[in-house]
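Colleague: I'd like to ask you about the structure that follows.
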Amino acid sequence: MSPASSYAELPDGADPRFGIEAVWLSLAGHARTYRVLPDGRCDIILRFCASPGPIKNISVVVTGPTTAHYDVPIQPGIGFTGIRLRPGFFQTVLGFKPVALREKTLVDDAAISACPLLATLCIEADRPEALPDRLIDFVRSRIGQDHAPLPGQTRRILSAFHASSGRLPVQDIAQLHGLSARTVQRIVLDATGLPPKSYARILQFHRAMRLLRDHRLRPSEAALEAGYADQAHMTHALRRFGGLSPARLADVTLVTLRE
Amino acid sequence: MTVRFGYTILYVPDVRETVAFYEAAFGMTLRFVHESSLYAELETGAVTLAFAGEEMAEMNGLAIRPQRRGDPAQAVEIALICDDPQSAWERAVAAGALPLSPPQAKPWNQIVGYVRDLNGCLVELCSDMTKPN
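In the order they appear, the protein sequences are chains A and B.
Here the first sequence stands for residues 1 to 259, where the numbers follow UniProt numbering.
Here the second sequence stands for residues 1 to 133, where the numbers follow UniProt numbering.
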């Protein structure tokens with residue numbers, strides 16, 4: 001076990017057939033806070049004491065869809081492993097709609113009471129590395145062998161939001177698919193727990209972050225390409241969703257996009 | 001420094017479904033499909049026609065307006081040169097292409113017809129202008 005802090009995603013963890021976007025493991029070497037950005041996704045997280053020997057006292061946390069950032073205090077020696085569900089898979093895995101968990105997090109008894117099968121994730125483990133596999137097995141068994149692909153219409157609607165990085169108005173996406181805005185509202189709310197407009201704003205925010213931080217666009221260029229009216233509009237979104245400014249983009253973890 | 005035109009890549013909602021359609025509608029053959037089903041290339045000679053899953057747009061940091069059949073076609077078309085545009089057009093329509101405009105003789109001595117593919121992308125089926133009719 002490295003004493004340094006680490007966050008890593010398992011290279012083979014993602015499995016879109018089972019709605020698994022990423023599986024991650026984080027071990028804290030020193031006390032710090034970790035900023036969680038709203039990303040329109042939900043995670044199932046196991047928190048444990050990363051000491052040698054069998055892992056006892058495993059806590060389970062389910063994070064709901066959020067529209068605001070928050071900071072999680074991390075104590076040294078505490079490990080976290082999580083599985084990030086792709087939008088649309090929450091209800092199949094957890095048995096209730098993600099909207100019930102909007103802006104909320106369920107911890108331990110509250111999580112187990114909402115989804116009793118989560119208790120199986122908290123039994124003693126031989127070593128921390130076994131916990132990510134435990135999460136993967138849990139999600140796979142909940143999805144079932146049929147892979148329960150999302151209904152075609154839901155998949156295409158969500159895909160349109162993502163492909164356009166939230167730049168298309170909800171009305172446009174409804175028209176693209178020959179649906180009413182109300183129907184798109186219901187589909188997105190059911191799948192993600194967020195209204196489509198909020199969902200789009202979050203995707204737009206994430207792309208702006210990437211354009212600034214990874215693609216190194218100037219703020220004025222990033223604002224234009226991300227679909228903001230102007231730079232001030234983008235700055236407002238960065239502050240609102242991430243508590244960040246374009247000049248000082250904190251070392252935050254963005255959702256990993258790969259298959 | 002040299003630059004060469006190598007690919008036209010269409011972002012589509014379902015790569016495998018799109019490949020199956022291009023095989024059935026236009027008689028094209030698959031050159032390569034990635035195991036993720038997010039990318040495929042057709043056997044199209046020097047310039048490759050390829051399909052990428054819409055997810056790839058987000059992964060590549062792009063934002064695109066996804067093409068759907070109910071939306072006006074985007075300002076681009078795929079032109080396929082056929083030895084018999086009429087038969088090609090009929091086969092495409094039989095395979096589910098949207099019949100837009102049957103092949104007609106153009107003043108510049110070319111036969112040109114249009115369909116939209118399963119995703120709504122504009123496809124022109126035309127005779128070969130490089131060969132005398």
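Even glycine gets a Cβ: it sits at the ideal position worked out from N, Cα and C.
This one's a predicted model, so the numbers in the text were calculated from it and none came from an experiment.
(1) What are the start and end residues of the beta strand (DSSP E) that includes E41 (chain B)?
(2) Mind pulling the alpha helix (DSSP H) runs of 4 or more residues that sit fully within the UniProt domain "HTH araC/xylS-type" (155-252) of chain A?
(3) Under the rule that 16 or more other beta-carbon atoms within 10 Å means buried, what is Y7 (chain A), buried or exposed?
(4) Does the distance from the C-beta atom of V112 (chain B) to that of F51 (chain B) stay below 7 angstroms?
(5) Considering W89 (chain B), what are the terminal residues of the alpha helix (DSSP H) in which it resides?
(6) Who are the Cβ neighbours of R140 (chain A) in its own chain at under 7 angstroms, not counting the five residues just before and after it?
(7) For a contact meaning CB atoms closer than 9 angstroms, what does A57 (chain B) contact in chain A?
(8) With DSSP as the reference, label P102 (chain B) as helix, strand or coil.
(9) Is the beta carbon of A22 (chain A) less than 7 angstroms from the beta carbon of P87 (chain A)?
(10) Once the 5 residues before and after I202 (chain A) are set aside, which same chain residues still bring their CB inside 6 angstroms of it?
(11) Contact check, V36 (chain A) vs V72 (chain A) under 8 angstroms by CB: the rounded distance?
(12) Leaving out the 5 sequence neighbours to the left and right, which residues in its chain are closer than 8 angstroms to E124 (chain A) when beta-carbon positions are compared?
(13) Since E54 (chain B) meets chain A, which of its residues come closer than 8 angstroms, beta carbon to beta carbon?
(14) Rounded to the nearest angstrom, how far is the Cβ of P219 (chain A) from that of M209 (chain A), given a contact under 8 angstroms?
(15) Can you tell me whether T8 (chain B) is buried or exposed? The criterion is at least 16 other CB atoms within 10 Å of its CB, across all chains shown.
(16) Looking at the strands, I want to know which residues DSSP matches up with W108 (chain B).
(17) So G96 (chain B) contacts chain A; which residues on that side make the cut at Cβ distance below 9 angstroms?
(18) What's the C-alpha gap between L49 (chain B) and V115 (chain B)?
(19) Does the separation of the CB atoms of L212 (chain A) and A222 (chain A) fall below 7 angstroms?
(20) Sorted by chain position, which residues of the same chain lie with C-beta nearer than 7 angstroms to residue 264 (chain A)'s C-beta, five sequence neighbours on each side aside?
(21) Tell me the rounded alpha-carbon separation between W108 (chain B) and M129 (chain B).
(22) Check whether the segment 111-126 of chain A and the segment 163-180 of chain A are in contact - that is, three or more C-beta pairs closer than 8 angstroms.
(23) Three-state secondary structure (DSSP) at I136 (chain A)?
(24) Please report the straight-line C-alpha distance between H236 (chain A) and T63 (chain A), rounded to a whole angstrom.
(25) Would H233 (chain A) pass as an interface residue toward chain B - the criterion being a Cβ-Cβ separation below 7 angstroms?
(26) Taking C-beta to C-beta, are residue 262 (chain A) and P65 (chain A) nearer than 7 angstroms?
(27) Could you please give me the residues that DSSP links to P73 (chain A) through a beta bridge?
(28) Do A160 (chain A) and P72 (chain B) have their beta-carbon atoms positioned less than 7 angstroms apart in this structure?
(29) Between G70 (chain B) and H177 (chain A), which are expected to be in contact by the criterion C-beta below 8 angstroms, what is the C-beta distance as a whole number of angstroms?
(30) Taking beta-carbon pairs under 8 angstroms, can you tell me which members of the segment 4-18 of chain B lie near chain A?
(31) Taking 7 angstroms as the cut-off, decide whether the C-beta atoms of A50 (chain A) and L25 (chain A) are in contact.
(32) Go ahead and label M1 (chain B) buried or exposed: buried means 16 or more other beta carbons lie within 10 angstroms of its beta carbon, across all protein chains shown.
(33) From V184 (chain A) to V170 (chain A), what does the alpha carbon distance come to, in whole angstroms?
(34) Starting from L10 (chain B) and walking both ways along the beta strand (DSSP E), at which residues does that stretch end?
(35) Ignore the nearest five residues each way along the sequence and tell me which others in A88 (chain B)'s own chain have a CB closer than 6 angstroms to its CB.
(36) For R4 (chain B), list the residues DSSP reports as bridge partners.
Modeller: So, to answer that:
(1) Counted as a single uninterrupted DSSP element, the beta strand (DSSP E) harbouring E41 (chain B) occupies residues 39-42.
(2) Runs of the alpha helix (DSSP H) inside the UniProt domain "HTH araC/xylS-type" (155-252) of chain A: 170-176, 181-192, 196-213, 219-226, 231-242.
(3) Residue environment for Y7 (chain A): exposed (fewer than 16 other C-beta atoms within 10 angstroms of its C-beta).
(4) No; because the gap between Cβ atoms is not below 7 angstroms, this pair is not in contact.
(5) Counting along the chain, the alpha helix (DSSP H) containing W89 (chain B) begins and ends at 85-94.
(6) Around R140 (chain A): F18.
(7) Counting only Cβ-Cβ distances below 9 angstroms, A57 (chain B) has contacts in chain A at H162, A163, S164, S165, in chain order.
(8) DSSP places P102 (chain B) in strand when its eight states are reduced to three.
(9) The Cβ-Cβ distance between A22 (chain A) and P87 (chain A) does not fall below 7 angstroms.
(10) Counting only residues of its own chain and dropping the five nearest sequence neighbours on each side, I202 (chain A) has a CB closer than 6 angstroms to the CB of P38, G40.
(11) About 6 angstroms separates the beta carbons of V36 (chain A) and V72 (chain A), which is inside the 8 angstroms limit, making them a contact pair.
(12) Correct list, in chain order: P54, I55, K56, I58.
(13) Near E54 (chain B) (Cβ distances below 8 angstroms), the residues of chain A are S159, A160, H162, A163.
(14) Actually they do not touch by this definition, with Cβ atoms about 12 angstroms apart.
(15) Burial state of T8 (chain B) is exposed, judged by a 10 Å Cβ sphere holding fewer than 16 other Cβ atoms.
(16) DSSP lists no partner for W108 (chain B).
(17) Near G96 (chain B) there are no residues of chain A at all, since even the closest Cβ is about 15 angstroms away, more than 9 angstroms.
(18) Roughly 17 angstroms between the two C-alpha positions.
(19) In this structure, A222 (chain A) lies closer than 7 angstroms to L212 (chain A) by Cβ.
(20) Residue numbering for chain A in the displayed model covers 1 to 259; residue 264 (chain A) lies beyond these limits and cannot be assessed.
(21) Answer to the nearest angstrom: the Cα atoms are 9 angstroms apart.
(22) They do not touch, by the three-pair rule.
(23) Reduced to three states, the DSSP call for I136 (chain A) is helix.
(24) Approximately 25 angstroms, taken between the alpha carbons.
(25) It does not: the Cβ of H233 (chain A) has no partner Cβ on chain B nearer than 7 angstroms.
(26) The structure shown does not extend to residue 262 (chain A), since chain A spans only 1 to 259, so no value can be given for it.
(27) P73 (chain A) is bridged to A:T33.
(28) In this structure, P72 (chain B) sits away from A160 (chain A), with a CB-CB distance that is not shorter than 7 angstroms.
(29) Contact holds; Cβ gap of about 7 angstroms.
(30) Near chain A, meaning a CB-to-CB distance below 8 angstroms, the residues of the segment 4-18 of chain B are Y11, P13.
(31) Not closer than 7 angstroms, so no.
(32) With fewer than 16 other beta carbons inside 10 angstroms of its own, M1 (chain B) counts as exposed.
(33) Taking the straight line from one Cα to the other gives about 8 angstroms.
(34) Residue range 7-12 is occupied by the beta strand (DSSP E) that includes L10 (chain B).
(35) Answer for A88 (chain B): C82, L125, listed in chain order.
(36) Partner(s): none; R4 (chain B) has no beta bridge.
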